[in-house]
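Inspection log for the structure reproduced underneath, given as structure tokens.
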Amino acid sequence: MQREILKYLLDVQESINSIYDYLGSKQDFGVYKSNKLLRRGIERELEIIGEAINRILKFDDTIDISNSRRIVDLRNWVIHGYDKVDNVIIWG
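Here the working numbering is used: the first residue of the sequence shown is 71, the next is one more, and so on.
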């Protein structure tokens with residue numbers, strides 16, 4: 071596997087771990103919904119995940135990543151449709 075792809079996979083893993091760190095063990099939607107800083111932090115990590123997946127697929131579109139299109143679409147929605155971001159969808 072190419073070095074760039076491995077770097078992007080590491081970025082995805084780090085962002086996933088960061089989301090779990092931000093949420094803590096309780097993972098409470100009420101806390102998420104009421105904490106703007108938490109929401110924005112998680113949205114940023116989702117942007118990174120989506121961009122990394124997009125770059126991986128540009129290197130090699132034969133790599134099978136479950137729901138890759140949905141991940142990239144979520145990234146685009148969070149960035150370009152920032153005013154329409156739905157907390158329930160992000161939480162899901």
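Where a beta carbon is used, it is the ideal one built from N, C-alpha and C, also for glycine.
Residues of its chain near residue i, where Cβ-Cβ distance is below 7 Å and the 5 sequence neighbours each way are ignored
i: Y78; result: A122, R125, I126
i: L144; result: L116, G120
Exposed unless 16 or more other CB atoms sit within 10 angstroms - verdict on residue i
i: S85; result: buried
i: I112; result: buried
i: I159; result: exposed
i: V101; result: exposed
Inter-residue Cα distance where the pair is residue i and residue j
i: G162; j: M71; result: 31 Å
i: K96; j: D134; result: 32 Å
i: N87; j: L80; result: 10 Å
i: Y92; j: L108; result: 7 Å
Cβ of residue i within 7 Å of any chain D Cβ
i: R110; result: As a matter of chain content, chain D is missing from the structure shown, which is built from one protein chain.
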